[in-house]
Amino acid sequence: MSPATPGTQRLAARLRPCGPVLDAKAAERAREIIADVVWTPALEAAWSALAPVFGASPYLASLARRDPARLAALLADDPDLRLEDILARTAAVADRSPRDAEPALRLLKQELHLLTALADLGGAWDLDRVTGALTRFADAAVEAALWSAARGELEAGRLARLGDAGRGPVPGWFCIAMGKQGAFELNYSSDIDVSVFFDPTEVESVLAEGQESQAFAVRLTHRVSDLMQAKTGDGYVFRMDLRLRPDPSSTPPAVPVPAALEYYESVGQNWERAAFIKARACAGDLEAARGFLDELQPYIWRKNLDFAAIADIHSIKRQIHAHKVDERVSAKGVDLKLGRGGIREIEFYVQTQQLILGGRHPELRSNRTLDALAALESQGHVTTAAAADLTAAYRLLRAVEHRIQMLEDEQTHRLPESDADRRRVAALTGTDPLRSFDALITRTLKTVNARYGELFAEEEPLSSRFGSLVFTGVDDDPETLATLSRMGFSNPGRVSQTIRAWHHGHVAATRTERGRELFTRLAPRLLEAATATGAPELAFNRFSDFFEGLSTGVQLQSLFLAQPKLFELVVQVLAFAPRLAATLARRPAAIDAMLDPDFFTPIEIELERADMARQVARADGFEAAMDAVRRLHREQAFRVGVQVMSGAAAADVAGRAFADLADLCIAALAPAALAEAVRIGGRFDGEVAVVALGKAGSREMSATSDLDLMTLYRAADPAGMSEIKGWDASTFYGRFTQRLIAALSSPTAEGQLYDVDMRLRPTGTKGPVAVSFTAFGNYYEGEAETWELLALTRARVAWATSDAFAADAQAAIEAALRRPRDARKTAREAREMRQLMEQARPPKGPWDLKLAPGGLVDIEFAAQFLQLVHAAAGGPLSPNTAKVLDAFAATGLADEAALAALSDAWRLQQDLTQLLKVALADDGDPEAEPKPFQALLARAGQARSFKALKTRLAAAQAAARTAHLALLRA
Numbered sequence: 016m017s018p019a020t021p022g023t024q025r026l027a028a029r030l031r032p033c034g035p036v037l038d039a040k041a042a043e044r045a046r047e048i049i050a051d052v053v054w055t056p057a058l059e060a061a062w063s064a065l066a067p068v069f070g071a072s073p074y075l076a077s078l079a080r081r082d083p084a085r086l087a088a089l090l091a092d093d094p095d096l097r098l099e100d101i102l103a104r105t106a107a108v109a110d111r112s113p114r115d116a117e118p119a120l121r122l123l124k125q126e127l128h129l130l131t132a133l134a135d136l137g138g139a140w141d142l143d144r145v146t147g148a149l150t151r152f153a154d155a156a157v158e159a160a161l162w163s164a165a166r167g168e169l170e171a172g173r174l175a176r177l178g179d180a181g182r183g184p185v186p187g188w189f190c191i192a193m194g195k196q197g198a199f200e201l202n203y204s205s206d207i208d209v210s211v212f213f214d215p216t217e218v219e220s221v222l223a224e225g226q227e228s229q230a231f232a233v234r235l236t237h238r239v240s241d242l243m244q245a246k247t248g249d250g251y252v253f254r255m256d257l258r259l260r261p262d263p264s265s266t267p268p269a270v271p272v273p274a275a276l277e278y279y280e281s282v283g284q285n286w287e288r289a290a291f292i293k294a295r296a297c298a299g300d301l302e303a304a305r306g307f308l309d310e311l312q313p314y315i316w317r318k319n320l321d322f323a324a325i326a327d328i329h330s331i332k333r334q335i336h337a338h339k340v341d342e343r344v345s346a347k348g349v350d351l352k353l354g355r356g357g358i359r360e361i362e363f364y365v366q367t368q369q370l371i372l373g374g375r376h377p378e379l380r381s382n383r384t385l386d387a388l389a390a391l392e393s394q395g396h397v398t399t400a401a402a403a404d405l406t407a408a409y410r411l412l413r414a415v416e417h418r419i420q421m422l423e424d425e426q427t428h429r430l431p432e433s434d435a436d437r438r439r440v441a442a443l444t445g446t447d448p449l450r451s452f453d454a455l456i457t458r459t460l461k462t463v464n465a466r467y468g469e470l471f472a473e474e475e476p477l478s479s480r481f482g483s484l485v486f487t488g489v490d491d492d493p494e495t496l497a498t499l500s501r502m503g504f505s506n507p508g509r510v511s512q513t514i515r516a517w518h519h520g521h522v523a524a525t526r527t528e529r530g531r532e533l534f535t536r537l538a539p540r541l542l543e544a545a546t547a548t549g550a551p552e553l554a555f556n557r558f559s560d561f562f563e564g565l566s567t568g569v570q571l572q573s574l575f576l577a578q579p580k581l582f583e584l585v586v587q588v589l590a591f592a593p594r595l596a597a598t599l600a601r602r603p604a605a606i607d608a609m610l611d612p613d614f615f616t617p618i619e620i621e622l623e624r625a626d627m628a629r630q631v632a633r634a635d636g637f638e639a640a641m642d643a644v645r646r647l648h649r650e651q652a653f654r655v656g657v658q659v660m661s662g663a664a665a666a667d668v669a670g671r672a673f674a675d676l677a678d679l680c681i682a683a684l685a686p687a688a689l690a691e692a693v694r695i696g697g698r699f700d701g702e703v704a705v706v707a708l709g710k711a712g713s714r715e716m717s718a719t720s721d722l723d724l725m726t727l728y729r730a731a732d733p734a735g736m737s738e739i740k741g742w743d744a745s746t747f748y749g750r751f752t753q754r755l756i757a758a759l760s761s762p763t764a765e766g767q768l769y770d771v772d773m774r775l776r777p778t779g780t781k782g783p784v785a786v787s788f789t790a791f792g793n794y795y796e797g798e799a800e801t802w803e804l805l806a807l808t809r810a811r812v813a814w815a816t817s818d819a820f821a822a823d824a825q826a827a828i829e830a831a832l833r834r835p836r837d838a839r840k841t842a843r844e845a846r847e848m849r850q851l852m853e854q855a856r857p858p859k860g861p862w863d864l865k866l867a868p869g870g871l872v873d874i875e876f877a878a879q880f881l882q883l884v885h886a887a888a889g890g891p892l893s894p895n896t897a898k899v900l901d902a903f904a905a906t907g908l909a910d911e912a913a914l915a916a917l918s919d920a921w922r923l924q925q926d927l928t929q930l931l932k933v934a935l936a937d938d939g940d941p942e943a944e945p946k947p948f949q950a951l952l953a954r955a956g957q958a959r960s961f962k963a964l965k966t967r968l969a970a971a972q973a974a975a976r977t978a979h980l981a982l983l984r985a
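Read in order, the letters of the sequence shown are residues 16 to 985 in the numbering used here.
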């Protein structure tokens with residue numbers, strides 16, 4: 016272009032030094048290289064302004080050295096006219112092929128960059144002129160790249176023709192400029208946020224035969240993007256970020272207009288509404304683009320907002336941590352965009368108020384930050400002082416942001432950590448010395464953050480004491496990632512992405528607008544609760560499994576927000592109780608039980624008997640009855656487990672509740688199993704009872720206990736036969752037993768109840784599965800071994816066809832136990848059995864409370880042995896270990912100190928076992944668990960700390976082992 020025309024002023028004459036010359040040698044090297052090619056009066060006149068620039072910015076010095084003639088031409092021209100010339104030459108690139116367009120656009124970007132930087136740093140242009148120039152070039156470059164890419168598609172035979180200038184090269188395909196490009200606020204080394212949409216019908220009108228609109232639209236988008244951002248020896252034009260489209264993780268780069276409109280109307284978020292404040296048509300079919308934006312206006316600018324919607328808009332601001340006035344902040348390494356008091360806070364300050372007020376006040380809808388701030392002030396929504404503070408801060412921070420990027424043409428918003436590099440930015444800003452620059456930045460950031468904290472100050476914060484928790488936008492927020500790391504998350508990026516996906520409505524719980532509004536409030540509480548467990552990653556992952564399994568989320572999220580202690584308990588359960596967590600993940604409806612006011616009241620499983628009976632009675636068939644029982648069992652087992660976790664249920668209460676629940680299941684399914692046997696084999700006259708043994712018999716079950724069972728029957732006629740199949744008594748009651756085992760143990764759509772073990776019946780696996788009443792008496796009178804009699808001490812009738820037969824069966828059990836026996840022989844055999852068990856099944860570690868010396872098995876052996884040797888003389892009999900130890904202490908039949916040691920160790924280890932079985936896998940090691948879980952364990956063991964618990968446990972086990980050995984020798 017020719018030198019400046021009359022009425023204009025050359026750039027060289029308008030430049031002023033921006034600051035001191037930091038690196039005189041670097042500036043002089045640039046001068047020498049330039050002078051070797053060209054040296055003009057304009058260069059000489061401008062050198063005092065150029066030297067500080069080239070002494071501080073390696074990037075700008077390289078642009079000058081690369082093409083000195085270009086630099087000279089820029090200085091000799093009016094900057095405004097030169098800008099128009101650059102834009103005209105950019106528009107002309109539209110006529111070139113992609114191969115020719117690629118280098119041309121990059122050289123034009125270099126020229127634009129050098130012109131803009133010099134005009135900015137030299138004081139020729141203000142901030143609006145600078146950002147406007149960058150934005151206008153971005154628009155022109157995208158439009159030119161589009162036309163060039165479309166010509167390439169035409170030559171390749173995928174387009175039948177090009178559209179006219181009014182509709183773009185491909186009618187129906189258009190770009191929406193978002194973010195700073197949309198608002199004409201582009202920064203110096205910014206990428207450009209562009210969303211691409213297309214009308215399938217319009218696009219098809221120019222496609223060659225056999226081309227599909229979606230595939231072509233995506234292909235064209237990629238071609239335009241490649242032309243813009245592929246890095247060559249001449250650099251790149253702009254990085255294009257296409258992720259501000261609807262749900263970018265699951266949609267193609269070009270989105271059909273109907274799908275986009277449906278998305279925004281159904282699951283669009285408030286931060287996306289805020290993003291569209293700045294949106295405008297920038298390339299392609301501008302008529303279609305403007306029509307698309309017109310259709311979105313009711314979505315962006317809502318005239319009627321309820322309280323929940325307003326609160327959700329507030330959340331955009333409240334996710335950022337408002338720091339205290341006296342909290343330290345440093346200019347070193349600070350992020351001027353995303354950090355405390357940064358540009359984002361000013362933008363959020365404006366946009367949140369625009370979203371709330373703009374629906375009824377069109378004058379507040381400006382897409383430019385400072386224009387909107389001025390409108391808010393003029394309407395009385397922002398004080399004059401606040402507007403002045405934020406306006407001054409915005410201008411300063413944007414100017415410094417440009418200078419950071421001018422150093423190396425990097426898309427960064429962070430001031431350098433090193434003093435030397437930060438001094439370069441200060442020099443380009445015109446502030447010297449460095450401490451004055453740092454003080455200016457610090458003061459500005461504190462001012463912005465203070466003003467930001469005033470906005471919606473009465474609302475609950477959605478940040479954390481650890482820092483900001485921002486999940487808006489498509490990028491992971493750096494401050495949020497740092498916050499998550501401080502909270503203990505090892506993979507903060509994955510956590511952030513998961514939460515942002517939930518915000519996008521990817522799960523049923525957040526598919527409705529109300530669900531997303533509630534989750535916005537719940538998310539920081541979730542992260543705080545997960546952190547409090549000491550195992551945040553584990554807690555979050557299990558909550559994720561649970562949350563993603565919900566069919567709806569409004570009621571449950573409302574409950575969690577209304578009852579934060581309950582929510583914290585649920586997260587704790589998810590972290591520490593994998594079985595309960597699995598129950599919630601597979602069957603989220605189990606948590607409905609927590610809505611019951613009686614959920615945390617003392618457990619009385621018997622109250623559920625009538626409810627279970629009703630459900631089984633309504634069931635259509637045997638399998639349906641099995642499912643009905645499983646549903647109620649799941650709810651009640653979950654309730655017991657949660658009470659154990661929360662400390663609301665002691666071990667004896669929980670053990671009894673788990674056993675009562677097993678009885679309830681047996682009582683519901685045994686009649687159904689008997690009816691099945693009758694249905695298949697025909698009616699058989701007789702009685703049958705289900706006998707519980709082991710922990711089920713002693714009512715000391717835990718969350719993982721299996722069922723040790725035995726069935727006893729008595730035929731009305733020993734020679735009787737069933738009416739249909741002609742089964743004898745053994746076969747008929749064997750079939751009943753098999754059906755009962757299946758009902759209790761088979762997995763169904765509703766899960767599994769118990770593992771059932773029938774090996775404690777007479778003759779074990781060798782004999783019939785159901786035992787006749789006569790055979791039972793005969794076996795225990797003459798054949799039963801000592802270990803079988805020890806096991807029988809914990810037998811009780813769990814269900815029978817009549818109360819009379821239940822009493823007879825219980826009497827037969829007591830009779831077998833009260834027969835006289837040789838005490839010395841019994842003691843010797845009990846000792847030998849325990850030794851064999853220790854050899855065959857040694858403890859897995861110090862936390863194997865069942866098999867460890869002085870553990871539960873040692874105590875059970877001692878209690879069972881005492882019953883066997885004293886029963887014939889009328890000594891105490893009870894299936895429950897704790898009760899029988901107390902009974903022997905009351906009668907004085909055994910050493911008082913030994914009994915006390917056994918009782919103390921029993922209760923301690925039962926308390927711990929209940930929690931361990933709810934929380935950990937069978938081979939779990941409390942030593943490897945988080946400290947909060949160890950604290951729970953200490954609380955269960957009534958110890959001050961986990962260390963104190965281990966000391967107490969070791970002492971109790973040692974005393975119990977000594978007592979066990981003493982009693983079996985006595």
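Here a beta-carbon is modelled for each residue, glycine too, at the ideal position from N, C-alpha and C.
Return the residue from the list Glu875, Ala824 and Ala819 that minimises the CA-CA distance to Arg846. Glu875
Does Gly779 come out as helix, strand or coil in the three-state DSSP assignment? helix
Does Thr247 come out as helix, strand or coil in the three-state DSSP assignment? strand
Identify every run of the beta strand (DSSP E) within the region 192-219, keeping only runs that are complete inside it and at least 3 residues long; order them along the chain. 207-213
Can you find a C-beta in chain B that's less than 8 Å from the C-beta of Glu532? Reference to chain B is not applicable here, since this structure consists of a single protein chain.
CB contact flag (Ala66, Val36, <8 Å): yes
Pick out the complete alpha helix (DSSP H) segments inside the region 520-582, 4 residues or longer, and give them in chain order. 528-547, 551-562 and 569-577
What's the C-alpha gap between Leu574 and Phe534? 12 Å
Rounding to the nearest angstrom, what Cα-Cα distance links Glu224 and Arg173 in this structure? 8 Å
Identified DSSP bridge partners for Trp814: Val705
In angstroms, rounded to a whole number, what distance separates the CA positions of Pro579 and Met627? 32 Å
May I have the straight-line CA-CA distance separating Ala692 from Pro539, to the nearest angstrom? 56 Å
Use the C-beta contact count for Arg754: other C-beta atoms within 10 angstroms, 16 or more gives buried, fewer gives exposed. buried
Quick one: what's got a C-beta closer than 6 Å to Met848's C-beta in the same chain, skipping five residues either side? Trp802
Contact between the region 171-189 and the region 200-208 is defined here as three or more beta-carbon pairs at a separation below 8 Å; is this criterion met? no
Ala785 by DSSP, collapsed to three states: which one? strand
Between Ala27 and Ala61, which are expected to be in contact by the criterion C-beta below 8 Å, what is the C-beta distance as a whole number of angstroms? 4 Å
Would a C-beta distance cut-off of 8 Å place Leu449 and Arg458 closer than the cut-off? no
How about Tyr795: is its Cβ closer than 7 Å to a heavy atom in the ligand COA? Among the ligands in the structure shown, none appear at all, so the ligand COA cannot be discussed.
Residue from Ile419, Pro313, Ala838 and Leu276 whose Cα sits closest to the Cα of Gly348: Ile419
Can you find the residues in the same chain that come closer than 6 Å, C-beta to C-beta, to Pro858, ignoring five residues on each side of it along the sequence? Leu866 and Ala867
Here's the rule I'm using: 16 or more other beta-carbon atoms within 10 Å means buried, otherwise exposed. How should Ile739 be labelled? exposed
Output needed for Arg295: all residues of its chain with C-beta closer than 6 Å, excluding positions within five of it in sequence on either side, in chain order. Ala192 and Gly197
When we look at the beta-carbon of Arg729 and count the other beta-carbons within 10 Å, is it buried (16 or more) or exposed? buried
Who are Thr746's beta bridge partners in DSSP? DSSP lists no partner for Thr746.
Quick one: grab the DSSP three-state call for Asp940. coil
Distance CB(Gly356)-CB(Lys461) smaller than 8 Å: yes
With 16 other CB atoms within 10 Å as the buried threshold, where does Val52 fall? exposed
What residue does the alpha helix (DSSP H) around Arg295 start on, and which one ends it? No alpha helix (DSSP H) contains Arg295, which is instead part of the beta strand (DSSP E) from Arg295 to Gly299.
Cα-Cα separation between Gln512 and Val588, rounded to whole angstroms: 24 Å
Whole alpha helix (DSSP H) elements within the region 339-375, 4-residue minimum: 358-372
Quick check on DSSP: helix, strand or coil for Pro868? coil
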